[in-house]
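**Q** One structure is given below, represented as structure tokens, and several questions about it will come after.
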Amino acid sequence: MATEDQKETPVPDASTEPRSPEDTGDASGKHGTAGELYGYLAEYDTPGELTEAARKIKDAGFTEFDCYSPFPVHGIDPAMGIKRTILPLIVFGGGFAGAVGGMLLQWYCNAHAWTWNISGKPTWSIPANIPIAYECGILLSVFASFFGMWALNKLPQVWHPLFRSDRFSRVTDDGFFLGVEAKDKRFDAEKTKAILHDAGAIAIEPVHFDPDPSKKVMPKWIMALIVASTAFALIPFAIAAKARNSHSSEPHYHIFPDMDFQPKFKADTANDNFADGRSNRSELVGAVARGWLEEDTSFYDGLTAEAGGQWIDGFPALYPDVPNIVPALRGTAFAIDKKLLARGQNRFNIYCTPCHGYDGRGMGMVPTRVQQSGGSWQARNLVDRAGTVVQQPNGQLFNTITNGFPPGMMGYGAQIPAADRWAIVAYVRALERSQIASADDQKGSR
Amino acid sequence: MSLTKTLHPDEKFKAGKLGSNMVKAGVGLFVVMMVISLILGSMHGDSMKRFLYAYVIGWSWIATIPIGMLWLVLLHHLCRGRWTTVVRRICEVMAAAIPMVFVAGLGFALPVVFGNKTLYYWTADVAHNALLNPTIVHKLSWLSPSFWFVRYLAYGAIYTAISFYFWKKSKEQDESGDPKISDTLRRASGPAMILYAFTTVFLSFDVLMSLSPKWYSTIYGVTFWGSGNIGAFAALALIVLWIQRNGRLVHSVTEEHYHDIGKWMFTFTFFWAYTAFSQFMLQWYGNLPEETVWYKYRLFGDWQWVSIAVLVGYWAFPFLFLMSRWTKRIVPALVFFAVWQLVFHWLDLYWTAMPNYDWTTVSHGGQTLVEGPLANQIALHHVGFTPLDVTVWLALVGFLLVGIGRGLTGNLIPVKDPTLGLSLAHEQL
């Protein structure tokens, strides 16, 4: 705030208080005074003083003035008499348009122009479309706020009379300025200066338009750059449009030729190097990978070794010593222990329970659903005392798991390794035992 | 125009009889409503199951308010809050109601630990049946009534320790004016915030999510917290207004501060919707039975209307209007939305908890077994709203008022906080 002392001193404008040897005020500054008067630029010491000055200028009836500060100043908008910005409405409009546009885009692409059946999913589904619509809403509201702010502030403004003041360059650092334009009806060279000074200005200087009229317009090279870059951005679209509407016998343009043409033969292509004229080499008939001969018939087929073998009744004696058995078990004795049963239970619960149920009674989720929809089918009861499964030798049960029991049950040989199939057999036997145990079993267990 | 202000010379910032008035009103509300509730609850003749469900919903409602206010206190210190300082003492007092809230929670926690098996399905004997409930048995070491109760007490103890520490230190500053206390609290707020986050998430898992123990969701705790903070900020707006209507803080709390409270209400209205939709979107798209079952019983039958009411009433309508600057600055408009959101916060909790109420029985291997929540036919799955829901809720609101009122003594504003001047002069850009 200005004190009485300061008021009595002459107006401390730039000419009496040079900031640097080059900046010697409006009369002999490097920008000169030639040219029409733009207005006064007053500097204030603090944001608070700037706000008070703005209030005084507003109260004096000025409308053509503005405040400049390195950061937003609280409370300066009402002091300057600025109405609230309409930017929020622009942002709302942008966000709304983005969300609706995102929805429409998905409707057009997925449900209208190119409907495509993906796993039977509907082509139009609101929940699935919300993330895209949401992101589009965010994107457009951000664009609206960013570019809306530019437009409302009349940006980009590469030229402004105030830029001709050296003092003004401190506006991005620690300077607080108020500029009053000469075109304001109330502007009067002396009175305006006095108001600014009374409000506590630490410096006041007149600012003039550049006499060179070419400085008032956008520099030509910037305009040229904008035109050129706009034209350049259209090139890809032009190429795409040309390609869509013309025919050419030229080969495709390859951006990465060494990726497009790799020195190798691709499957299903012709090749003169081989007698059958094909690139792909098929397996020789009867070839077996090392360790996959599966010659242990008891372990892999559940059959005894002799020709026309019988189902084995117990379990294989050994795990084969071959690479397709886990290392810890290779060549070891087949032990029926808690670990095996736990593994069997785990595999059983994954592969068998959907039909046979956790208790093996044949009422898993699939038959439950069948019966809920009016059918009567159920899977085989594995633990029925009178049923066939209980009577079967282990080898036959193993064979059923491997090859299935058409038409109801498909084979699981491809999904479940042989060792795990035997673990399942052991677990099924344990399940049976739990359901059809006799009184003697109970005594024995004590 | 200055960036700081001093307390207005005519400002009344002593609580005086405000607290004891609130306690009296709270006790009256609690006693009357709890008597009615107990009568209504015992008339159901279901081992108080209906009563306990209403109790858990009402309790979650009163718990989220001090829990949300504790978060605001921690956040204030964590990021050197400014605008919050004028209302921070009120937030601290509301957060310090947490021990009373956990005492109120004994109303459902003690029955659980002493053998009432009607509230949580995991307390029922049949939950241990591995054939019928293969997806629950492995959770039962966590969901055992005694361990659950120990955790319940631990959550209460952690919240109480944090809220009392921040409250006590802040009152100390009222006496000494030592600015170092602010530094101490700032350093404490980081670890406290981490502890707070874990406590809140696990509290939501244990109290509300375990009502449907077969269901999976990892974002549940965040959604619970987000929804709770809508209620917490709404309650803050109402309590601050009530204090001003009683002639206190009239000069200190201005529309600028209401604006910020409104912003937080708006923020969490959207945050809750965002996380709730994230959960729905992933579960709907993933289409796994153990996840979609939760929505199946909310999106079909009677419950679909409650779902729509929550979507429109708790998100769309307040979101659209709270977006505007003026809704947050014109106090009557803000109060309307605060009351609105508090009611819908309750409906959201009701929507979360109540569909788990119906347990169905199945015939299995010649036995009749309770299959638990989310298993019966949609056509038989009704909303089943009763007056009990409201009376229990109001009784617990009374309990919360007692908890808050007990702390409303002495200064209503941290008079010697170094940031008070900035907070008093706070202005929105």
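Residue numbers (this note's numbering), protein chains in the order written: chain A, 5 to 450; chain B, 17 to 445.
Using N, Cα and C, we set each Cβ at its ideal position, and we do this for glycine too.
#1: Once DSSP output is grouped into helix, strand and coil, what is the label at A/C71?
#2: Does the distance from the C-beta atom of B/G247 to that of B/G84 stay below 9 Å?
#3: Going by C-alpha to C-alpha distance, which of A/L238, A/D192, A/L386, A/G399 sits closest to A/Q439?
#4: Quick one: measure Cβ to Cβ for A/G97 and A/E185, integer angstroms, because I've assumed they're closer than 8 Å.
#5: Let me know the secondary structure DSSP gives A/E47 once reduced to three states.
#6: Quick one: does B/Y69 have its CB under 9 Å from some CB of chain A?
#7: Which chain A residues are close to B/E443, counting only those with a beta carbon under 7 Å from its beta carbon?
#8: Which chain A residues sit within Cβ distance under 9 Å of B/M297?
#9: Give the interface partners of B/L147 over in chain A, defined as CB-CB distance under 9 Å, in chain order.
#10: I'd like to know if B/F46 contacts chain A, where contact means its C-beta is closer than 9 Å to some C-beta of that chain.
#11: Check whether the Cβ of A/R389 lies closer than 9 Å to any Cβ atom in chain B.
#12: Under 8 Å by Cβ, that's how I've got B/W183 and B/E108 pegged, so tell me the actual separation to the nearest angstrom.
#13: Below 7 Å on C-beta distance, what does B/P150 contact in chain A?
#14: With distances taken Cα to Cα, identify the nearest neighbour of A/F180 among A/A57, A/A117, A/G408.
#15: Between B/W321 and chain A, is any beta-carbon pair separated by less than 9 Å?
#16: So, under 8 Å CB-CB, B/V102 and B/I346 are touching, yes? Tell me the CB distance rounded to an integer number of Å.
#17: Return the bridge partner residues of A/F409 from the DSSP annotation.
#18: Mapping DSSP to helix, strand and coil, what is B/S379?
#19: What's the gap between the Cα of B/S439 and the Cα of B/L265?
#20: Under DSSP, the beta strand (DSSP E) around B/A332 begins and ends at which residues?
#21: Could you tell me which residues DSSP pairs with B/W164 in its beta bridges?
#22: Identify, in the order they occur along the chain, each residue of the same chain with its Cβ nearer than 8 Å to the Cβ of A/L91, setting aside the five sequence neighbours on each side.
#23: To which residues of the same chain is B/V399 closer than 7 Å at the C-beta, ignoring the five residues directly before and after it?
#24: Nearest chain A C-beta to B/W331 closer than 9 Å, yes or no?
#25: Report the three-state DSSP secondary structure of A/A101 (helix, strand or coil).
#26: Just confirm the distance between the C-beta atoms of A/G364 and A/V432, as a whole number of angstroms; I'd bet it's less than 8 Å.
#27: Could you list which residues in chain A have their beta carbon closer than 8 Å to that of B/Y301, in chain order?
#28: Run through the DSSP bridge pairs and tell me what A/P210 is partnered with.
#29: Flag B/S268 as yes if its beta-carbon sits less than 9 Å from any beta-carbon of chain A, otherwise no.
#30: Could you check the C-alpha separation between B/V351 and B/A289 for me, to the nearest Å?
#31: Please state the DSSP three-state secondary structure of B/H442.
#32: Taking A/L297 as part of the alpha helix (DSSP H), name the residues at either end of that continuous run.
#33: Taking 9 Å as the threshold (C-beta atoms), are B/G42 and B/F118 in contact?
#34: Using beta carbons (cut-off 9 Å, strictly below), is B/S162 in contact with chain A?
#35: Reducing DSSP to helix, strand and coil, say where A/V184 ends up.
#36: Tell me whether A/D30 sits in a helix, a strand or coil according to DSSP, three-state version.
**A** Once the coordinates are examined:
#1: strand
#2: Contact flag set, yes.
#3: A/L386
#4: Not really, about 32 Å apart at Cβ, beyond 8 Å.
#5: strand
#6: no
#7: H78, G79
#8: Those are P131, A132, I134, P135, listed as they occur along chain A.
#9: G361, Y362, D363
#10: no
#11: no
#12: 4 Å
#13: The contacting residues are Y362.
#14: A/A57
#15: Answer no: the Cβ-Cβ gap between B/W321 and chain A never drops below 9 Å.
#16: At roughly 19 Å, the Cβ-Cβ gap does not stay under 8 Å, so B/V102 and B/I346 are not in contact.
#17: A/M413
#18: strand
#19: 13 Å
#20: No beta strand (DSSP E) holds B/A332; DSSP gives it neither H nor E.
#21: In the DSSP output, where bridge partners are listed per residue, B/W164 has none listed.
#22: S149, G152, M153, L156
#23: For B/V399, same chain residues with a beta-carbon under 7 Å away, outside a window of 5 residues either side, are D318, W319, V322 in chain order.
#24: no
#25: Helix.
#26: Right, their Cβ atoms sit about 7 Å apart.
#27: Residues of chain A with a Cβ closer than 8 Å to the Cβ of B/Y301 are, in chain order, P131, A132.
#28: Paired residues: A/Y44.
#29: no
#30: 21 Å
#31: Coil.
#32: Counting along the chain, A/L297 falls outside any alpha helix (DSSP H), and DSSP gives it neither H nor E.
#33: no
#34: no
#35: strand
#36: Unreliable placement is indicated for A/D30, whose pLDDT of 44 sits below 50; no coordinate value is reported for it.
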